[in-house]
Every structure is written in C-alpha cells, then in structure tokens.
Amino acid sequence: MLPLFLAALFFVSCSTMQPTRPITDVSIEQLKKMLDQKSDFLLVDTRTEYEFRQGHIPGALNIPPHRFDGLAALLPSDKDLQIIFYCRGHG
361 MLPLFLAALF FVSCSTMQPT RPITDVSIEQ LKKMLDQKSD FLLVDTRTEY EFRQGHIPGA
421 LNIPPHRFDG LAALLPSDKD LQIIFYCRGH G
C-alpha cells in the first residue's frame with residue numbers, strides 16, 4: 361500500500377516553503393475518490409525516475425528526494441492547492 365501524504369494549502373514565497381495547515385495522511389480510498397471526482401490537487405510521486413518510468417499514477421509529477429530543493433519552482437502559484445506526495449513505502 362502506498363503511503364500518501366497530504367500537504368494542504370502550501371504557502372510558497374521566493375525563498376521559503378511552509379505548510380499553512382498540518383500535514384495529514386490520505387488513504388488510497390480517499391485518493392481514488394479525489395481522482396474519480398477530478399478534484400483539483402497536485403500529485404507528487406517521490407520515487408526515483410526509474411521507478412516512475414516503470415509505472416505511476418496518471419497525472420503525477422515525479423520529484424525524487426534529491427530534487428526537493430527545486431520543488432518550490434515547480435509548484436503552482438495557487439497557494440490553496442492541495443498537494444499529495446506518495447512513494448512506494450516501506451512497511
């Protein structure tokens with residue numbers, strides 16, 4: 361099962377990135393419902409580029425941990441947009 365993390369309502373400025381709400385878990389069922397309803401959110405796959413190429417959730421953006429420094433530049437300007445991070449998980 362993929363652990364999913366919701367970082368809702370990110371505040372992004374030129375030099376800092378801070379969540380404006382606590383980070384919460386999103387179940388696979390919740391994510392499926394969001395995908396089915398075409399909810400407005402950004403889905404970020406944190407696995408390696410190789411793992412991402414092997415298969416990923418359609419519409420996901422691949423940002424492995426070694427690329428997190430550039431994350432702020434990739435985020436949309438909408439500070440109210442929900443952002444969900446997922447990986448393959450370990451346990």
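If you use my numbering, the sequence shown corresponds to residues 361 to 451, in order. All C-beta atoms in this analysis are idealised placements derived from N, C-alpha and C, irrespective of residue type, glycine included.
The criterion of a C-beta distance shorter than 8 Å is satisfied by T406 and I423. Measuring C-alpha to C-alpha distances from D396 to each of G419, R448, D385 identifies G419 as the nearest. Straight-line measurement puts the Cα of L402 at about 19 Å from the Cα of E411. In the structure shown, the three-state DSSP call for L441 is coil. The residue among V404, R427, P425 with its C-alpha nearest the C-alpha of H416 is V404.
Beta bridge pairing from DSSP links D405 with N422, Y446. Take P436, set aside five residues on each side of it, and the residues of its chain with a beta-carbon closer than 7 Å to its own are L402, in chain order. Using a Cβ distance threshold of 8 Å, L441 and D400 count as a contacting pair.
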